[in-house]
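What follows is a single structure, written as structure tokens, with notes after it.
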């Protein structure tokens, strides 16, 4: 799969099934569509705690924003009015091109 095809597939799925969240860094807010789901009990290992969520972000949603270079630990994600802290950001690359970002959020 090419990077462009992976991004296009993610964008279609996020458009159809995603939810609006806000990425926040200091006074900067960016409203985007993302996938949000809680971690399953069998995924709670290592640094993942009960109540943490996985947020999948498409690079298309953050293009041209301060978040385009990276989403940082301690950035915030507002989900249904609840402010959560980014614990980790895992960029997924295909052929050295960013195709998605998996965030672990807590709070």
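Numbering (my numbering), first residue to last: 3 to 109.
Quick reminder that beta carbons are idealized off the backbone N, C-alpha and C, glycines included.
| Item | Value |
| --- | --- |
| Among 55, 66, 82, 101, the one whose alpha carbon lies nearest that of residue 89 | 55 |
| Contact check, residue 5 vs residue 103, beta carbons under 8 Å | no |
| Residue 115 versus 50, 27, 87, residue with shortest Cα-Cα distance | In the structure displayed, the chain extends from 3 to 109; residue 115 sits before or after that span and is not available. |
| Assigned secondary structure, residue 13 (DSSP; H/G/I helix, E/B strand, else coil) | helix |
| Residue 108 vs residue 36 beta-carbon contact at 8 Å | no |
| Candidates 49, 40, 83, 99: closest to residue 58 by CA position | 40 |
| Residue 106 in three-state terms, based on DSSP | strand |
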